[in-house]
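Chemist:
Chains as they are written, first to last, in this note's numbering: chain A, 402 to 795; chain Z, 424 to 1453.
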């Protein structure tokens, strides 16, 4: 006999992000953030989800605007059948003016507001444990020194915002000892804080699995690519022979992509491009390959490769042309000038001597130079042509 | 390596131009702007392609050599290298992508693979474009190089780096600058240092933020404990409140029971009231107090009308009795004769009428007399008023005059005071003037004394100065006169001393060693020594004189300075004295002006005073006159008053004729009356008149009594009607309740009804009072709600386990006290929570977010790492550059020096035979005159040109072997050379070409070259002819 608990696990929505780097699109992106949360709610409604776990940093600020907090609370009312558990994270800790203490939340929402707390859901045979951040940092584990006494008859779930650490490691974001967690006896550990989430749960021990759900939607090019939530079931499989509790807990939890616009970082090698049209086509082709909704996404496009001086990419022009095709793009020119190294090596000049010096023993294999030597070579050759200066990476 | 043929399809201004080239030296001649440089550029572009995307036309081949005509840019070139003939064809489009290139074996037609992007120039010549343009491709100097300095810079670059455009030092400097921009050479500047510093600050911020977070967490834990405690207390207070609520419910039940009993009482009262009210009912009619009251009113009305009827009856009876009594009284007047009576009445009437006429005339006369009296009084009053007015005017005038006198007296008093003040002020100013003048006289005296002292000091100093000057002049004269001899002595002293010493030593030596006669020589030496010593002393004396003169001159200067100071002081004192004198004069003048002013003001005052005195005297005289007039008028008034007082009222005129006639007629009628009365036997007319009047009066009374009786009888009848109406009204009123036949019964019935109505009202009032009391106790609830509530409580009590018990008052008090205590604790806890929340709020607002700092730190760390990497790269690049420069120096330098020196020697016909490029790549040449190496600054412009060419060709030679020299393309390189240098250069080039079998193409616009080359039997191409051919 099996019994399933349908579950959705998300975290790190950071609602209320300013998107200050994209000032002309910030309003739209903020609205889309809220729409993303509503899509999660709608997902729960359509899939009749039993439990929605939100593992911290739902809001960007400890005290979000009344609109944002009010919209989240109202959205929670749309799925009264789903039990929603929220643990405040380091970005939205419990504090006197936070929505966690200020707002009146619907009955289906439970907010962990302090140290480790347990909520039993008898009808599902499950217990949810959670603990909250009370400030923007937690140097000690929020669940340390807690005598858990898990009820073996229940499916035990831990909801937490923090960092998994090894023995002797520290963190100011609720350091949770990986070994302790492996032996804790929790069936599922729903974690938040790391934005690059897992695709599926990972095992900590034979009985305990954990997942960092990651953020469901990117907020910058450091959060690029597909994002999603963790959704599926925890399955209670009766197994009378199993020592201790007489059942085991399986799962079919997987990452489900629900994100809207994606931030994408794309590298385009334009070495072979002969003119600006070819460069544009090469970029466009690369963007199209990202997926059917490619034009809706935000791109950071790094142009690379060695190019002739006359084929130097006209960044402003290309940017302008691409901006008409995609929601947002930012072009970065990382191309280098094309040098005829074999010719330079033999050149009877200081430049030739410099190239020979740098290449030295690599001469036979000059095409596969180490990054370090490549840097030296390019920097030197640049200095032969004009001023050199440190250029900040974009 | 040889260039055999070129064909230009279209390139810049050139179109369909072909040239077949010879081996060895050849000249391409043509005037300027005909395309010589373009042909050279075509050759370069064919070998290495178009270069640059720069905007400047001269740096962008594609734009610069865009065909002037519409043809395709490009052409072909045939060249031979190491025995193989190649054909190179190139076409150039608008962009590189449109360019085509074909290199093939010109004999076999086999294409050469260039797919790797390799340029044919590099493939065939074995040198890069950079090397090509820095060696064998020598463009026109005049167009690329501005000054000799520029040329030398290029020379240095060429020698150092093999490239005219690049200097090792410049490249090293660029790398170093990039490093310095990251880490300053000194101090803590530079972007990397700043970023590191920023990182340190962020780490400190982070540590603080983490500590803040820990503290905030602790505070929040305390807050949570407080909240839990509050929750417990609230639970406790809720329990207590529930217990108190039970007591309240039980209280309510008790109250409800009391209310219920009251409700029953009210119901009972209402039953009684109903019964009582029924006794006052007849069918639907209900007797009430108004009915009874109105009944009594009607009954009283009826009773009153009956009493009035009684009174009317009595009045009729009384009137009848009076008439009977009067009739008896009239009987006594029956005997009086009817005739006498009539006569008497007639005479009496005449008498009365005549008396009335007399009285009327008397009244008229009296009125006339009164009118006259009033007119006289009016005249008197007018006179009195006029005199009073005159007196008043005189008094007013008198008063005015007195006032004017007082004003003049006051003005005179003020003038006296002014006079006094003027006197005082004058004496004060005189005193001040005396003091100030005294002070100025003193100061003047002091200044005069000072001037005298200074004059004396000046005389003394003048004398001292003259004395010192005389002494100096005398000493200078001495010195001058003794100087010649002393000079001579000075000159001779040394010789005398030296000679003396020599003679003395020689004499002593000769005397001791040779012959004692030599002592003479010694003696002469001794004398010479003495003379020398004297001369030295004289010299010292001369020095002493000089020093003394210097001292005296110094003293003179001091004296002069002192004199100058004294002179200055004297001038100052003199000026001061003049100023004081001026002040004194000014003061005296002012004093005199003031005195004059005082006198004029005093005279003015005296004039005023006299005028006032005169006015006053006049006024006083006028006052006396006016007083006399007033007294006269007052006497007149008094006389008038007395005369008025003595006037009698004017009496009526008894002499009036009408009055006398009337009085006479009246007297006659009176006589007639007396006669009639005496004839009738009456004593007097008064007696008869009295009897007649009495009878008349009784008759009048009789008439009146009869009228009254008639009236009383009418009144009686109307009263009877009123009684009947009132009775009917009473019976009608009572009919709705009871039917009676006589009004007499009404009183009893009404009395009974009144008692009953009072009883009903009393009962009703009691019931209403009870109901009001009941309603007051309902406390905003309806009775139904009371009942519902009570039932609900009873239901709750039945369900409650254990059943609630009513507490005693002390127990209740205890409960209430505890509740109050808990409320106090809760309020306090809530205040603590609020304070804590405020503190946390403030704390969280002032603390930075750790994750924000972490994000900044992460970015900064990445940046720092990036910068560090770049810094290291720059460091390694610099090292590599240094190594490369050393390689250039060691491998390239010596051979270059030698080759360049050889070239230069040939170019200058061995005037300059040695050339050196030193370690810093500065070019130096050995000076044929001094055999020393000299810096380029010492060379002439022509020589620098020669050096440049020598070095250029030396470097070109370095990159190709002697057996396969690369063709040399020279664009008017000799244009700046003078005749001699140019001839030498071209000779050398032709010789070099011949000796080394090197193809050379010299492009020039100089005609002088044409003959030279032609003379040598070498080919000359005229570019005009080439174009013409095309």
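Positions of the beta carbon are idealized from the N, C-alpha and C atoms, including for glycine.
#1: Skipping 5 residues on each side, what residues in its chain have a beta carbon closer than 8 Å to that of residue 845/Z?
#2: Any Cβ of chain A within less than 8 Å of the Cβ of residue 515/Z?
#3: Tell me the DSSP secondary structure of residue 1022/Z in three-state form.
#4: With burial defined as no fewer than 16 other Cβ atoms inside 10 Å of the residue's Cβ, what is the status of residue 702/Z: buried or exposed?
#5: Measure from the alpha carbon of residue 549/A to the alpha carbon of each residue in 597/A, 587/A, 413/A, then state which is nearest.
#6: Can you list, in chain order, the stretches of the alpha helix (DSSP H) that have 4 or more residues and sit fully within the segment 1011-1076 of chain Z?
#7: Following the continuous alpha helix (DSSP H) through residue 782/A, name the residue where it begins and the one where it ends.
#8: Starting from residue 1365/Z, follow the alpha helix (DSSP H) in both directions and report where the run begins and ends.
#9: For residue 491/A, would you say it is in contact with chain Z, using Cβ-to-Cβ distances shorter than 8 Å as the test?
#10: Assign residue 547/A to buried or exposed, taking buried as 16 or more other Cβ atoms, counted over all protein chains shown, within 10 Å of its Cβ.
#11: Would you call the CB atoms of residue 1396/Z and residue 1372/Z closer than 8 Å?
#12: Among the candidates 532/Z, 1239/Z, 818/Z, whose CA atom is the shortest distance from the CA of residue 1458/Z?
#13: Could you tell me whether the Cβ of residue 413/A comes closer than 8 Å to any Cβ of chain Z?
#14: Verify the CB distance criterion: does residue 589/Z have a CB-CB separation below 8 Å to chain A?
#15: Of all Cβ atoms in chain A, is any one closer than 8 Å to the Cβ of residue 640/Z?
#16: Is any beta-carbon of chain Z found at less than 8 Å from that of residue 751/A?
#17: For residue 1418/Z, which option in 448/Z, 429/Z, 434/Z has the closest C-alpha, if you only look at C-alpha atoms?
#18: So, does the CB of residue 557/Z fall closer than 8 Å to a CB anywhere in chain A?
#19: For residue 382/A, count the other beta carbons within 10 Å of its own beta carbon; 16 or more makes it buried, fewer makes it exposed. Which is it?
#20: Could you list the residues in the segment 1241-1260 of chain Z with a C-beta less than 7 Å from some C-beta on chain A, going in chain order?
#21: Less than 8 Å between the CB atoms is what I'm expecting for residue 683/A and residue 604/Z, so what's the real figure, rounded?
#22: Can we count residue 1283/Z as close to the ligand MG, meaning its CB is less than 7 Å from some heavy atom?
#23: Taking residue 745/Z as the reference, give the member of 1032/Z, 1201/Z, 1112/Z, 1124/Z with the closest Cα.
#24: Name the residue from 602/Z, 560/Z, 661/Z, 611/Z whose alpha carbon lies nearest to the alpha carbon of residue 1242/Z.
#25: From this set, 1152/Z, 1307/Z, 1063/Z, which residue's C-alpha is nearest residue 802/Z's C-alpha?
#26: With 16 as the cutoff for other CB atoms within 10 Å, does residue 697/Z come out buried or exposed?
#27: Taking only the alpha-carbon atoms, compute the straight-line gap between residue 1273/Z and residue 538/A and give it to the nearest angstrom.
#28: Residues in the same chain with beta-carbon distance under 8 Å from residue 630/A, minus the five sequence neighbours each way, listed in chain order, please.
#29: Give a yes or no on whether 8 Å exceeds the smallest Cβ distance from residue 566/Z to chain A.
#30: Looking at C-alpha atoms only, which residue of 642/A, 728/A, 653/A is the closest neighbour of residue 600/A?
#31: For a test of the three-state rule: what should DSSP assign to residue 1347/Z, helix, strand or coil?
#32: What are the complete beta strand (DSSP E) segments, minimum 3 residues, inside the segment 603-646 of chain A?
#33: Where does residue 761/Z sit, in a helix, a strand or coil, going by DSSP?
#34: Suppose contacts are defined by Cβ-Cβ distances below 8 Å. Is residue 1444/Z in contact with residue 451/Z by that definition?
#35: What alpha helix (DSSP H) runs, 4 residues minimum, are completely inside the segment 459-544 of chain A?
#36: Closer than 6 Å by C-beta to residue 426/Z: which residues in its own chain qualify, once you throw out the five before and the five after it? Chain order, please.
Modeler: So, from the data block:
#1: Taking the second chain and counting its residues from 1, the one referred to as residue 845/Z is at position 422. Around residue 845/Z: 1021, 1024, 1025, 1028.
#2: Against the second chain, residue 515/Z aligns to sequence position 92. No, residue 515/Z does not count as interfacial toward chain A.
#3: Position 599 of the second chain holds residue 1022/Z. Three-state result, residue 1022/Z: helix.
#4: Indexing the second chain from 1 puts residue 702/Z at position 279. Exposed: under 16 other Cβ atoms inside 10 Å.
#5: Within the first chain, numbered from 1, the residue matching residue 549/A stands at position 148. Ranking 597/A, 587/A, 413/A by Cα distance to residue 549/A puts 587/A first.
#6: Those alpha helix (DSSP H) runs which fall completely within the segment 1011-1076 of chain Z and span 4+ residues do not exist here.
#7: In the first chain, residue 782/A corresponds to position 381, counting from 1. Note, residue 782/A: alpha helix (DSSP H), 772-786.
#8: Mapped onto the second chain, residue 1365/Z falls at position 942. Taken as a continuous stretch (DSSP letters only), the alpha helix (DSSP H) holding residue 1365/Z covers 1364-1381.
#9: To locate residue 491/A, count along the first chain from 1; it is residue 90. Yes, contact with chain Z.
#10: Numbered from its first residue, the first chain carries residue 547/A at position 146. Around the beta carbon of residue 547/A, fewer than 16 other beta carbons lie within 10 angstroms, which makes this residue exposed.
#11: For the purposes of this step, residue 1396/Z is identified with residue 973 of the second chain, where counting begins at 1. For the purposes of this step, residue 1372/Z is identified with residue 949 of the second chain, where counting begins at 1. Taking 8 Å as the Cβ cut-off, residue 1396/Z and residue 1372/Z qualify as a contacting pair.
#12: One cannot answer for residue 1458/Z here, as it falls past the ends of chain Z, which runs 424 to 1453.
#13: Position 12 of the first chain, counted from the start, is the residue given in the question as residue 413/A. With 8 Å as the cut-off, residue 413/A does not count as an interface residue toward chain Z.
#14: Here residue 589/Z refers to the residue found at position 166 when the second chain is read from its first residue. Answer yes: the Cβ-Cβ gap between residue 589/Z and chain A drops below 8 Å somewhere.
#15: Translated into positions along the second chain, residue 640/Z becomes position 217. Interface residue, yes.
#16: The count along the first chain starts at 1 and reaches residue 751/A at position 350. Closer than 8 Å to some Cβ of chain Z, the Cβ of residue 751/A qualifies, so yes.
#17: The residue you call residue 1418/Z lines up with position 995 of the second chain. With distances taken between Cα atoms, residue 1418/Z lies closest to 448/Z.
#18: Within the second chain, the letter at position 134 stands for residue 557/Z. Under the Cβ distance rule, residue 557/Z counts among the residues neighbouring chain A, one pair being separated by less than 8 Å.
#19: There is simply no residue 382/A to check, as chain A begins at 402 and stops at 795 in what is shown.
#20: 1260
#21: Numbered from 1 along the first chain, position 282 holds the residue referred to as residue 683/A. Numbered from 1 along the second chain, position 181 holds the residue referred to as residue 604/Z. Contact flag wrong, Cβ pair sits at about 34 Å.
#22: Inclusion of the ligand MG in the displayed structure is not the case, the ligand content being empty and no account of it being possible.
#23: Taking the first residue of the second chain as 1, we reach residue 745/Z at position 322. The residue with the shortest Cα to Cα distance from residue 745/Z is 1124/Z.
#24: On the second chain, position 819 is the one that residue 1242/Z refers to. Considering only alpha carbons, the answer is 661/Z.
#25: In the second chain, the residue the question calls residue 802/Z occupies position 379. Among 1152/Z, 1307/Z, 1063/Z, the Cα nearest to that of residue 802/Z is on 1063/Z.
#26: Taking the first residue of the second chain as 1, we reach residue 697/Z at position 274. Exposed: under 16 other Cβ atoms inside 10 Å.
#27: For this step, residue 1273/Z is matched to residue 850 along the second chain. For this step, residue 538/A is matched to residue 137 along the first chain. The straight-line gap from Cα to Cα measures roughly 6 Å.
#28: Against the first chain, residue 630/A aligns to sequence position 229. Contacts found: 409, 410, 411, 441, 444, 614, 617, 656, 657, 659.
#29: By 1-based counting over the second chain, the position of residue 566/Z is 143. Note that residue 566/Z scores 40 on pLDDT, short of 50, meaning its location in the model is unreliable; the coordinates nonetheless yield the value given after this. It does not: the Cβ of residue 566/Z has no partner Cβ on chain A nearer than 8 Å.
#30: Position 199 of the first chain, counted from the first residue, corresponds to residue 600/A. Out of 642/A, 728/A, 653/A, 653/A has the C-alpha closest to the C-alpha of residue 600/A.
#31: Locating residue 1347/Z in the second chain gives position 924, where the first residue counts as 1. Residue 1347/Z falls in the strand class under three-state DSSP.
#32: 610-613, 629-639
#33: In the second chain, residue 761/Z corresponds to position 338, counting from 1. Because the pLDDT of residue 761/Z is 49, which lies under 50, any placement of that residue in the model is unreliable, and the number read from its coordinates should be weighed accordingly. Helix.
#34: Residue 1444/Z sits at position 1021 when you count from the first residue of the second chain. Residue 451/Z sits at position 28 when you count from the first residue of the second chain. Yes. Within cutoff.
#35: 467-478, 500-503
#36: Residue 426/Z sits at position 3 when you count from the first residue of the second chain. Hits under 6 Å: 444, 502, 1390.
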